[in-house]
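Chains as they are written, first to last, in our numbering: chain A, 208 to 637; chain B, 208 to 637. What follows is a short report on a single structure.
There are 2 protein chains.
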Amino acid sequence: MNDPPEENDPPEERAMTSDIGAQIEAANAEVVRRLVEPEVTFVGVDVALNVVPGMHERLILYSGPPIEWKRMAPVQQESVIGAALYEKLADSPEDARTQLDTGKIEIAPCHHHATVGAMTGVTSASMAMLIVENDEFGNRAFCKVVERELQFGIHNEDVFANLDWLRDVVGPALDGATNALGGLKLIHHTSQALHMGDECHNRNVAATALLVRKLAPSIANVAPADKVSEILDYFDRIDQAYLGFVMAAAKALTDAAHGVEMSTVVTALARNGVEVGVRVSGLGDQWFTGPAQDIDGAYGPGYGPEDATADIGDSAIVETVGLGAMAVANALTAGAIAGGTAEEAIQKNRTNMEIAAGRSRSFTIPVLDFEGTPTGIDVRAVVRTGIVPYVLTGIAGNKAPWGRVGAGVVHPPLEPFIAAVKAFATSIKE
Amino acid sequence: MNDPPEENDPPEERAMTSDIGAQIEAANAEVVRRLVEPEVTFVGVDVALNVVPGMHERLILYSGPPIEWKRMAPVQQESVIGAALYEKLADSPEDARTQLDTGKIEIAPCHHHATVGAMTGVTSASMAMLIVENDEFGNRAFCKVVERELQFGIHNEDVFANLDWLRDVVGPALDGATNALGGLKLIHHTSQALHMGDECHNRNVAATALLVRKLAPSIANVAPADKVSEILDYFDRIDQAYLGFVMAAAKALTDAAHGVEMSTVVTALARNGVEVGVRVSGLGDQWFTGPAQDIDGAYGPGYGPEDATADIGDSAIVETVGLGAMAVANALTAGAIAGGTAEEAIQKNRTNMEIAAGRSRSFTIPVLDFEGTPTGIDVRAVVRTGIVPYVLTGIAGNKAPWGRVGAGVVHPPLEPFIAAVKAFATSIKE
Chain A
208 MNDPPEENDP
218 PEERAMTSDI
228 GAQIEAANAE
238 VVRRLVEPEV
248 TFVGVDVALN
258 VVPGMHERLI
268 LYSGPPIEWK
278 RMAPVQQESV
288 IGAALYEKLA
298 DSPEDARTQL
308 DTGKIEIAPC
318 HHHATVGAMT
328 GVTSASMAML
338 IVENDEFGNR
348 AFCKVVEREL
358 QFGIHNEDVF
368 ANLDWLRDVV
378 GPALDGATNA
388 LGGLKLIHHT
398 SQALHMGDEC
408 HNRNVAATAL
418 LVRKLAPSIA
428 NVAPADKVSE
438 ILDYFDRIDQ
448 AYLGFVMAAA
458 KALTDAAHGV
468 EMSTVVTALA
478 RNGVEVGVRV
488 SGLGDQWFTG
498 PAQDIDGAYG
508 PGYGPEDATA
518 DIGDSAIVET
528 VGLGAMAVAN
538 ALTAGAIAGG
548 TAEEAIQKNR
558 TNMEIAAGRS
568 RSFTIPVLDF
578 EGTPTGIDVR
588 AVVRTGIVPY
598 VLTGIAGNKA
608 PWGRVGAGVV
618 HPPLEPFIAA
628 VKAFATSIKE
Chain B
208 MNDPPEENDP
218 PEERAMTSDI
228 GAQIEAANAE
238 VVRRLVEPEV
248 TFVGVDVALN
258 VVPGMHERLI
268 LYSGPPIEWK
278 RMAPVQQESV
288 IGAALYEKLA
298 DSPEDARTQL
308 DTGKIEIAPC
318 HHHATVGAMT
328 GVTSASMAML
338 IVENDEFGNR
348 AFCKVVEREL
358 QFGIHNEDVF
368 ANLDWLRDVV
378 GPALDGATNA
388 LGGLKLIHHT
398 SQALHMGDEC
408 HNRNVAATAL
418 LVRKLAPSIA
428 NVAPADKVSE
438 ILDYFDRIDQ
448 AYLGFVMAAA
458 KALTDAAHGV
468 EMSTVVTALA
478 RNGVEVGVRV
488 SGLGDQWFTG
498 PAQDIDGAYG
508 PGYGPEDATA
518 DIGDSAIVET
528 VGLGAMAVAN
538 ALTAGAIAGG
548 TAEEAIQKNR
558 TNMEIAAGRS
568 RSFTIPVLDF
578 EGTPTGIDVR
588 AVVRTGIVPY
598 VLTGIAGNKA
608 PWGRVGAGVV
618 HPPLEPFIAA
628 VKAFATSIKE
């Protein structure tokens with residue numbers, strides 16, 4: 208590990224340690240460059256089977272680090288069962304469970320398929336996927352067109368009809384509209400929204416409004432005339448419609464930033480309701496995990512902590528590219544969820560700068576005189592300072608009737624970061 | 208005038224002075240209440256002839272305090288001539304000038320007809336007007352559907368075709384859409400935009416995006432299918448599309464707040480490029496004027512101060528209800544036009560609190576822990592402190608080819624405020 212050289216080290220060892228430090232700094236600088244320089248384009252919408260790498264008809268993806276079916280959080284199991292029914296892989300929930308027990312229906316993390324999913328993240332073959340592309344590296348990433356039911360474990364005929372409608376009506380309109388515009392530049396788009404009250408994790412009101420403003424003229428041209436109003440209404444109803452776009456964009460950046468040898472920067476931060484997982488650019492495909500934490504939240508009427516699933520979802524991918532908690536000073540209205548004064552929220556944003564390897568170029572903070580948001584979480588800095596990037600998140604119920612029971616703030620545990628630092632130290636010694 | 212009582216005043220005079228002070232405070236509190244409590248609804252669009260009180264076919268309205276045709280700023284004259292040609296009142300610019308010289312074509316301030324107009328403000332009988340209504344007082348106010356050419360003195364067949372299109376295509380769609388929604392609540396709408404980077408004078412990006420987001424589903428239902436895309440495109444092209452809505456809303460509030468005896472609060476702040484005019488709630492229909500100031504601006508390529516019309520337009524009506532400069536801490540991005548740091552912009556906003564009789568309830572400043580924006584400019588406080596509410600504004604050219612030559616910051620002169628205080632003192636002594 209990158210211990211500072213000490214006076215009583217032999218000279219050659221001091222040189223080596225210092226050399227390793229320089230290598231890490233150079234590697235992290237390259238990772239930060241990959242996180243902050245490329246533009247990402249929204250190129251279209253298609254069903255997962257057609258576009259998601261490795262997707263097949265019996266595969267269901269979920270959020271967070273890898274977990275066995277039996278250990279999965281109940282709400283995530285329920286979403287997976289819902290997807291199995293939606294895809295007509297099973298006749299009943301019991302049938303689905305049996306096939307999942309035996310591996311006849313397969314499951315895998317979204318993250319292993321260039322995909323991210325909010326909350327339970329459940330994604331299956333015939334769902335409509337937003338497709339984004341990293342302009343510099345050419346890699347693509349994917350996220351479901353935002354829906355608000357199955358991701359919270361709810362499944363019934365209405366939910367399935369909505370998934371059909373997203374695929375058959377909204378998806379083609381978005382696909383046609385972005386193609387008519389030659390592709391929508393998501394980093395630029397996100398940077399605008401960041402100056403308009405969004406931090407683009409828990410709050411995407413401006414990003415969604417700007418999105419519909421840009422796409423609406425083309426949607427009116429490409430969609431069937433009798434569908435235009437209902438498509439536009441989707442973007443009026445759902446403040447978080449943009450979350451899928453920005454999550455996919457963040458995944459397209461982090462995938463391209465992954466695999467830089469000697470880098471200690473986080474390229475994935477994901478939760479499955481049981482564990483929080485971290486991946487590090489220089490540490491290959493290994494996930495470092497710790498227990499998913501309870502959310503310090505505000506609950507809806509009739510709900511309390513006993514109804515809550517612990518921290519869940521891939522959405523914290525946006526924190527790894529300088530959004531969400533890394534931009535919370537821009538979203539004092541959303542910050543109100545966490546209580547406290549404006550100055551406290553701004554201070555939280557400053558604090559996160561202590562664990563970042565760099566600053567964003569595109570994402571800036573007006574109230575801090577347009578300083579770039581902290582970007583590239585360095586696991587060494589997290590362990591050294593004890594600062595973990597808190598996440599603003601929705602809370603999923605943990606039993607029927609499922610659904611969203613609240614929203615709040617959660618700090619990922621230190622364990623995955625400590626484990627990553629240890630693994631890094633070991634890899635250096637080898 | 209409200210001099211503080213002095214020890215050596217006779218007791219009855221002290222009592223009277225103190226009584227006058229209390230009367231002024233009570234009157235100003237009522238004016239502030241009228242500025243901050245009512246909701247204002249966007250109820251529809253119609254041509255000026257049908258809805259603007261006192262409008263007739265030979266009348267052309269203009270921005271700012273009253274001014275004779277011959278003294279009018281050249282750019283405002285040019286706009287009036289454009290309107291005369293558009294309305295087919297004249298065959299040529301020369302013919303229009305002759306009829307304006309002789310009074311055959313009449314002119315009047317927008318403000319005298321429950322109307323406000325941006326820049327030259329020129330408004331004539333067949334133009335499409337946004338109609339808003341004060342929910343508490345029932346009075347209506349009006350502003351042109353935003354166009355960007357005639358208001359800067361440009362008139363030609365394209366400009367006239369655009370005015371036709373606004374009246375025949377955009378107007379009916381807006382009218383149908385807001386009616387389908389039961390009327391759009393503009394104070395609520397504006398308060399949202401204020402938390403999204405707008406101060407709703409120089410910057411209306413969020414307000415416009417939120418507007419199209421809300422109205423688009425209904426526009427798609429009520430407009431002819433082949434027109435939906437071009438209508439939605441209007442709101443994508445024009446960041447300031449919302450300015451007309453918020454100006455009309457401010458006029459609906461200030462008209463209802465006008466005429467409260469003993470009040471020293473400003474109910475109109477308007478400029479015509481030659482003079483700045485102020486009206487005060489307790490001082491009847493009199494305008495107090497001073498010279499329009501040069502704008503400290505950033506100019507477009509090829510333009511400089513020698514090409515600029517001095518401060519012009521009714522848009523400063525929004526400053527009188529707690530928007531624009533009164534909310535600039537919310538719009539640090541727009542504030543960048545004026546240069547300086549974030550803290551300086553926030554400080555400017557704080558400074559304006561010294562001249563305000565109250566605080567807004569709906570318009571708040573997140574970075575100041577959601578304090579209400581300063582609302583209700585008290586002419587006494589302006590004179591006492593020397594603080595004039597600076598205005599962010601566009602700059603109109605002063606010769607052909609006319610148009611917008613830049614944008615900048617301008618401080619109205621102190622003269623109108625001093626004149627108003629003197630008039631108030633005189634009225635008290637009578």
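Glycine included, each C-beta is placed from N, C-alpha and C at the ideal position. Computed from a predicted structure; not experimentally measured.
Asked                                                                                                                                                                          : Found
Assuming A630(B) contacts F495(B) under a Cβ cut-off of 8 Å, what Cβ separation, rounded to an integer in Å, is found between them?                                            : 7 Å
Of the choices I227(A), D492(A), V485(A) and A538(A), whose alpha-carbon is the least far from that of H408(A)?                                                                : A538(A)
Taking the DSSP output, what are the residues bridged to N479(B)?                                                                                                              : I519(B)
Thinking C-alpha only, which one of H402(A), P281(A) and G491(A) is nearest G579(A)?                                                                                           : H402(A)
Three or more beta-carbon pairs under 8 Å between the stretch 590-605 of chain A and the stretch 557-570 of chain A, yes or no?                                                : yes
I need the straight-line Cα distance from D365(A) to P273(A), nearest angstrom please.                                                                                         : 30 Å
Whose C-beta lies closer than 6 Å to the C-beta of K458(B) among residues of the same chain, with five residues either side of it excluded?                                    : V323, A348 and I524
Going along the stretch 437-457 of chain B in order, which residues come within less than 8 Å of chain A, judged by CB to CB distance?                                         : E437, L439, D440, F442 and D443
Of all the CB atoms in chain E, is at least one closer than 8 Å to the CB of T397(B)?                                                                                          : Reference to chain E is not applicable here, since the protein chains of this structure are A and B.
Is F349(B) helix, strand or coil by DSSP?                                                                                                                                      : strand
DSSP three-state call for G579(A): helix, strand or coil?                                                                                                                      : strand
Grouping DSSP H, G and I as helix and E and B as strand, with all else coil, what is I338(B)?                                                                                  : strand
Using a Cβ distance threshold of 8 Å, determine whether the stretch 336-355 of chain A contacts the stretch 247-262 of chain A, with at least three qualifying pairs required. : yes
Please report how far the alpha carbon of G310(B) lies from the alpha carbon of A627(B), in whole angstroms.                                                                   : 30 Å
Closer than 7 Å by C-beta to V467(A): which residues in its own chain qualify, once you throw out the five before and the five after it? Chain order, please.                  : A234, E237, V238, S488 and G489
Below 8 Å on the Cβ atoms is my contact criterion, and I expect T327(A) with A603(A) to pass it. Report the Cβ-Cβ distance as a whole number of Å.                             : 7 Å
From the beta carbon of H402(A), is the nearest beta carbon of chain B less than 8 Å away?                                                                                     : yes
Entirely within the stretch 550-610 of chain B and at least 3 residues each: give me those beta strand (DSSP E) ranges in chain order.                                         : 563-572, 578-584 and 598-603
Would you verify that the beta carbon of A413(A) is, or is not, closer than 8 Å to some beta carbon of chain B?                                                                : yes
Taking the alpha carbon of N479(A) as the point to measure from, which residue in V616(A), Q358(A), A229(A) and S331(A) has its own alpha carbon closest?                      : Q358(A)
Smallest Cα separation from G615(A): which of A534(A), W609(A) and I519(A)?                                                                                                    : I519(A)
Check whether chain B comes within 8 Å of K311(A), counting only Cβ atoms and requiring the distance to be less than that.                                                     : no
Can you tell me which of the three DSSP states Y510(A) falls into?                                                                                                             : coil
Let me know if P573(B) comes out buried or exposed under the rule of 16 or more other beta-carbons within 10 Å of its beta-carbon.                                             : buried
At 3 residues or longer, what runs of the beta strand (DSSP E) sit wholly inside the stretch 345-432 of chain B?                                                               : 347-351
Quick check: the Cα distance between D514(A) and Q283(A), rounded to an integer number of angstroms?                                                                           : 14 Å
Could you tell me whether any Cβ in chain B is nearer than 8 Å to the Cβ of R420(A)?                                                                                           : yes
Please state the DSSP three-state secondary structure of L530(A).                                                                                                              : coil
Can you grab the Cα-Cα spacing for the pair A325(A) / F442(A), in whole Å?                                                                                                     : 17 Å
Which residues does DSSP list as the beta-bridge partners of T540(B)?                                                                                                          : Paired residues: none, contrary to the question.
Report the residues of the stretch 510-542 of chain B with a CB closer than 7 Å to any CB of chain A, ordered along the chain.                                                 : L539 and T540
How about A532(B) and F570(B): are their beta carbons less than 8 Å apart?                                                                                                     : no
Short of 7 Å in beta carbon distance, which residues of its chain neighbour A387(B), apart from the five on each side in sequence? Order them along the chain.                 : S425, N428 and V429
Is E244(B) near E343(B), with beta carbons less than 8 Å apart?                                                                                                                : yes
Determine the burial state of K606(A): buried for a count of at least 16 other Cβ atoms within 10 Å of its Cβ, exposed for fewer.                                              : exposed
Within the 8 Å Cβ cut-off, does D342(B) reach chain A?                                                                                                                         : no
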